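In what follows, a single structure is set out as structure tokens and then discussed.
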Amino acid sequence: DAKTTQPPSMDCAEGRAANLPCNHSTISGNEYVYWYRQIHSQGPQYIIHGLKNNETNEMASLIITEDRKSSTLILPHATLRDTAVYYCIVRGYQTGANNLFFGTGTRLTVIP
Amino acid sequence: DAGVIQSPRHEVTEMGQEVTLRCKPISGHNSLFWYRQTMMRGLELLIYFNNNVPIDDSGMPEDRFSAKMPNASFSTLKIQPSEPRDSAVYFCASSLTGGTFREQYFGPGTRLTVT
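In structure tokens:
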């Protein structure tokens, strides 16, 4: 699985967009980019995933560069409840294997 | 939907005692995962099952740890004997299997303290 690099921490003002970067320069063609987040004392929560096209759902948008070596998770209007650790995970699809490997993530603090 | 259920939520035990953590996956999910989270090592996958069969247990730290999934609705993670360094939050997650992606749903975790 490709290694990911994320900044250890970021701050964002409440109501503003939070842009969380992830570098995955060794990603291979069949590997997806997944984002999960973990709010304090809770289990991780799935946010979004993508292969090469930009994706959007009710929680966030995922922008993947054309060369797929990096991506950005965008929370369009951050709230205090978005304060959490955000994990960027790169994982290939293999039949019968759906395990994820979490790194250290980015601790996002949304400031009032 | 009740989500993934874990019990107990908190466990405090003395070194050398046996500890059993329990997990009930979401009904219909056929993959189950056990993770451990500590400040030092972050979130680590210990073992996962597909259709009740252990697929990869390479993350299990040592022989003191064992996991079973006797049926599709129940799994246990046992530590015998427990040691202080086993203190951590243990998460169980479940998902469907197959296709290109299956979201994992995590339980609330069991906070284990071994004194």
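Chains as they are written, first to last, in the working numbering: chain A, -16 to 95; chain B, 908 to 1022. No residue lacks a Cβ here, since even glycine has one placed at the ideal position from N, Cα and C. A quick note: this is a predicted structure, and the numbers were derived from the prediction, not measured.
Problem - Chain-ordered neighbours of residue 918 of chain B on chain A, where CB pairs are closer than 8 Å - result: For the purposes of this step, residue 918 of chain B is identified with residue 11 of the second sequence, where counting begins at 1. Those within 8 Å of residue 918 of chain B in chain A number zero; the least Cβ separation is about 16 Å.
Exercise for the section: Rank B:973, B:958, B:940 by C-alpha distance to the C-alpha of residue 26 of chain A and give the top, closest one. Expected result: As a first step, residue 26 of chain A must be located in the first sequence, where it is residue number 43. Nearest option by C-alpha distance: B:940.
Exercise for the section: Identify whether residue -14 of chain A lies in helix, strand or coil by the three-state DSSP scheme. Expected result: In the first sequence, counting from the first residue as 1, residue -14 of chain A sits at position 3. Of the three classes helix, strand and coil, the one that applies to residue -14 of chain A here is coil, per DSSP.
Exercise for the section: May I have the straight-line CA-CA distance separating residue 1009 of chain B from residue -4 of chain A, to the nearest angstrom? Expected result: The residue you call residue 1009 of chain B lines up with position 102 of the second sequence. The residue you call residue -4 of chain A lines up with position 13 of the first sequence. Approximately 32 Å, taken between the alpha carbons.
Practice task
Tell me whether residue 10 of chain A counts as near the ligand ADP, meaning its Cβ is closer than 6 Å to at least one heavy atom of that ligand.
Solution key: In terms of ligand content, the structure shown is empty, and the ligand ADP therefore cannot be addressed.
Handout entry: 7 Å CB neighbourhood of residue 966 of chain B in its chain, flanking five on each side removed
Key = In the second sequence, counting from the first residue as 1, residue 966 of chain B sits at position 59. So the qualifying residues of the chain are 951, 952, 953, 954.
Practice task
Return the CA-CA distance between residue 928 of chain B and residue 47 of chain A, expressed in angstroms with no decimal places.
Solution key: As a working note, residue 928 of chain B is residue 21 in the second sequence. As a working note, residue 47 of chain A is residue 64 in the first sequence. If you take the alpha carbons of residue 928 of chain B and residue 47 of chain A, they lie about 39 Å apart.
Practice task
Tell me, to the nearest whole angstrom, how far the beta carbon of residue 972 of chain B is from that of residue 986 of chain B; I am working on the premise that it is less than 8 Å.
Solution key: For this step, residue 972 of chain B is matched to residue 65 along the second sequence. For this step, residue 986 of chain B is matched to residue 79 along the second sequence. About 6 Å; that satisfies the 8 Å criterion.
Handout entry: C-beta contact flag for residue 994 of chain B and residue 1020 of chain B at 7 Å
Key = Position 87 of the second sequence holds residue 994 of chain B. Position 113 of the second sequence holds residue 1020 of chain B. Cβ atoms of residue 994 of chain B and residue 1020 of chain B: closer than 7 Å.
Handout entry: Integer Cβ distance of residue 913 of chain B from residue 29 of chain A, believed to fall under 8 Å
Key = For the purposes of this step, residue 913 of chain B is taken as the residue at position 6 of the second sequence. For the purposes of this step, residue 29 of chain A is taken as the residue at position 46 of the first sequence. In fact, because the Cβ distance is near 18 Å, the residues do not count as touching under 8 Å.
Practice task
Within its chain, find whatever has a CB closer than 8 Å to the CB of residue -8 of chain A; leave out the 5 residues flanking it on each side and keep chain order.
Solution key: For the purposes of this step, residue -8 of chain A is taken as residue 9 along the first sequence, with counting starting at 1. Excluding residues within five positions, the ones whose Cβ falls inside 8 Å are 89, 90, 91, 92.
Practice task
Give a yes or no on whether the minimum CB-CB distance between residue 75 of chain A and chain B is below 7 Å.
Solution key: On the first sequence, position 92 is the one that residue 75 of chain A refers to. Chain B, which has no Cβ nearer than 7 Å to the Cβ of residue 75 of chain A, makes this no.
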